[in-house]
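Protein chains: 2
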Amino acid sequence: MTDQLSNGFFSQEFKLKIPDGDDRIRRVCSHCQFVDYINPKIIAASVVTKGSKILLCRRAIDPRKGFWTLPAGFMEQGETVEEAARREAREEANAEIRIDRILAVYSVPRISQVQIMFRAELVSDISPGPESLEVELFDWRDIPWSNLAFPTVLWGLTHYAETRSKTVFAPFSNPPGTEALTR
Amino acid sequence: MTDQLSNGFFSQEFKLKIPDGDDRIRRVCSHCQFVDYINPKIIAASVVTKGSKILLCRRAIDPRKGFWTLPAGFMEQGETVEEAARREAREEANAEIRIDRILAVYSVPRISQVQIMFRAELVSDISPGPESLEVELFDWRDIPWSNLAFPTVLWGLTHYAETRSKTVFAPFSNPPGTEALTR
Ligand SMILES: [Zn+2]
Ligand SMILES: [Zn+2]
Chain A
1 MTDQLSNGFF SQEFKLKIPD GDDRIRRVCS HCQFVDYINP KIIAASVVTK
51 GSKILLCRRA IDPRKGFWTL PAGFMEQGET VEEAARREAR EEANAEIRID
101 RILAVYSVPR ISQVQIMFRA ELVSDISPGP ESLEVELFDW RDIPWSNLAF
151 PTVLWGLTHY AETRSKTVFA PFSNPPGTEA LTR
Chain B
1 MTDQLSNGFF SQEFKLKIPD GDDRIRRVCS HCQFVDYINP KIIAASVVTK
51 GSKILLCRRA IDPRKGFWTL PAGFMEQGET VEEAARREAR EEANAEIRID
101 RILAVYSVPR ISQVQIMFRA ELVSDISPGP ESLEVELFDW RDIPWSNLAF
151 PTVLWGLTHY AETRSKTVFA PFSNPPGTEA LTR
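Sequence lines, in order, name chains A and B.
Using the UniProt record's numbering, the first residue of the first sequence is number 1, and each one after it goes up by one.
Using the UniProt record's numbering, the first residue of the second sequence is number 1, and each one after it goes up by one.
Here you go:
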């Protein structure tokens, strides 16, 4: 049912069809009728601050290797969103964080991703984890704006700036006028 | 690689192992090495109100058939969380809703679910969709508290009540003391 590709991944022969009892087209394996229910994936992310400084990580892996990002990654099974955000900060920057509250929920339908982004405080030292080339606490004016890895990093940083003096605020969603980046 | 079961579903023979280049145990098909990356799934839900009344739907399907729930369901590919919440209200109650803001983000790690729940306003008539036995707008005191389908329905309703007079509030998460229900 699958062929191993030169990159080590496997290929399955899926056909698009509507499984019995379902109401929409799914990817179904033509050999064994396995239904590949592709659900949107959750990214847990954090804008982590220490005083007026903001934690960024320079990516050691593709995509966007060498560019700066917020601590973020795919949520795994068996954890809460908050636990996922803390785990990612630990994996990418050896950072212990104290989560304050939800900053934003962004949807990227083109790649079926939902990013749940927290506002958090750094409560440890930092050092690069295996997925980071370097990690750094930036003053706002020194943020490498032209070398950010993803649009959601820019959105998170600018939305964070709007909440700096606030303890209560509604979470942000995708900024208006950014549909071309997400559809 | 799969056997069809009497209920029409297919069974795959998965073994638990760490795929090359990964760092944790995954379910891998013992025949074809297909890796089943099970990611947490997103439920988009809404507390939908009309004046002081709250929309509930009595489930026509398992699990918890016959019990009352909020309009909610699995987010699909290619949509935003807000679009998923509007689609579910349409599917379950033929309801058009106007989303106000995020009410809560609940994590249910035992079943790897994240519920993103909105506060929303009803802007149409309602009638039962195929997954609902009946749909009704309840006064607060008439809500069938002992016949709610899921703990998250109770959480969403009580958290909603705390926000009634508020336009700005931080989203809620799992109530304290409910770990036994979610782990
Ligand atoms: Zn197959
Ligand atoms: Zn297989």
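Built from N, CA and C at the ideal position, the CB exists for glycine as well.
Treat the numbers as computed from the prediction; the structure is a model and nothing was measured.
Just to make sure I have the definition right: I need the residues of chain A whose C-beta is within less than 7 Å of the C-beta of Thr80/B. Which are they? Ser107 and Pro109
Hey, is Phe9/B's beta-carbon within less than 7 Å of any beta-carbon in chain A? Interpretation of Phe9/B is limited by its pLDDT of 41, a score under 50 that renders its predicted location unreliable; the figure taken from the coordinates is listed afterwards. No, no contact with chain A.
The stretch 130-143 of chain A / the stretch 114-122 of chain B touching (three or more Cβ pairs under 8 Å): no
So, with DSSP's three-state summary, where would you put Val81/B? helix
Taking the beta strand (DSSP E) that Ala161/B falls in, what are its first and last residues? Segment Pro151 to Thr163 is the alpha helix (DSSP H) holding Ala161/B; no beta strand (DSSP E) there.
Chain-ordered neighbours of Ile116/A on chain B, where CB pairs are closer than 9 Å: Val105, Val114 and Ile116
Within chain B, partners of Ala120/A - CB distance below 9 Å: Within 9 Å Cβ-Cβ: nothing; Ala120/A doesn't reach chain B, min ~14 Å.
Any beta carbon from chain B within less than 7 Å of Asn39/A's own beta carbon? yes
Between Asn147/B and the rest of its own chain, which residues show a CB-CB distance below 7 Å, the 5 nearest in sequence each way excluded? Phe67 and Trp68
Through-space distance from Arg86/A to Ser112/B, alpha-carbon basis: 17 Å
Mark Lys65/B as exposed unless 16 or more other C-beta atoms lie within 10 angstroms of its C-beta, in which case mark it buried. exposed
Residue-level contact to chain A via CB, Ile54/B, 7 Å cutoff: no
Beta-carbon neighbours of Val168/B, restricted to chain A and to distances below 8 Å: Val168, Phe169 and Ala170
What's the C-alpha gap between Thr152/A and Tyr106/A? 8 Å
Does the beta carbon of Arg64/A sit closer than 7 Å to a beta carbon anywhere in chain B? no
Using beta-carbon positions only, say whether Asn39/B and Lys41/A come within less than 7 Å of one another. yes
Give a yes or no on whether the C-beta atoms belonging to Ala72/A and Glu88/A are separated by under 7 Å. yes
Taking all protein chains shown into account, decide if Ile116/B is buried (16 or more other Cβ within 10 angstroms of its Cβ) or exposed. buried
First and last residue of the uninterrupted alpha helix (DSSP H) at Thr178/A: Careful: Thr178/A lies outside any alpha helix (DSSP H) and carries neither H nor E.
Top-ranked residue by Cα proximity to Glu91/A, from Asp100/A, Val81/A, Ala104/A and Ile126/A: Ile126/A
For a contact defined as C-beta to C-beta under 9 Å, what are the partners of Ile97/A on chain B? Ordered by position in chain B, no residue passes the 9 Å Cβ test against Ile97/A, which lies about 16 Å from the chain.
DSSP three-state assignment for Arg141/B, whether helix, strand or coil: helix
Do Val81/A and Val114/B come within 7 Å of each other at the CB atom, strictly closer than that value? yes
Quick check on DSSP: helix, strand or coil for Glu76/A? coil
Could you give the distance in angstroms between the alpha-carbon of Arg164/A and the alpha-carbon of Glu79/B? 30 Å
Compute the distance between the beta-carbons of Arg101/B and Arg183/B, then report whether it is under 7 Å. no
To the nearest angstrom, how far is it from the Cα of Ile25/B to the Cα of Gln77/A? 11 Å
Helix, strand or coil for Leu5/A, going by three-state DSSP, please let me know. At Leu5/A the pLDDT is 41, less than 50, meaning the model places this residue with poor confidence and gives no usable figure here.
Considering just the uninterrupted stretch of the beta strand (DSSP E) at Glu121/B, what are its terminal residues? Gln113 to Leu122
Within the same chain, show all residues whose beta-carbon is closer than 7 Å to that of Ala149/B, passing over the 5 residues directly before and after it, in chain order. Arg59, Arg64, Phe67, Trp68 and Thr69
Against chain A, does Pro175/B count as a neighbour if the rule is that its beta carbon must be under 7 Å from one of theirs? no
Quick check: what's the CA-CA separation for Phe169/A versus Leu103/A? 8 Å
How long is the line joining the alpha carbons of Asp23/A and Phe138/B, rounded to whole angstroms? 30 Å
Can you tell me which of the three DSSP states Arg59/A falls into? strand
Starting from the C-beta of Val108/A, find all residues in its chain whose C-beta is less than 6 Å away, skip the five residues before and the five after it, and write them out in chain order. Thr182
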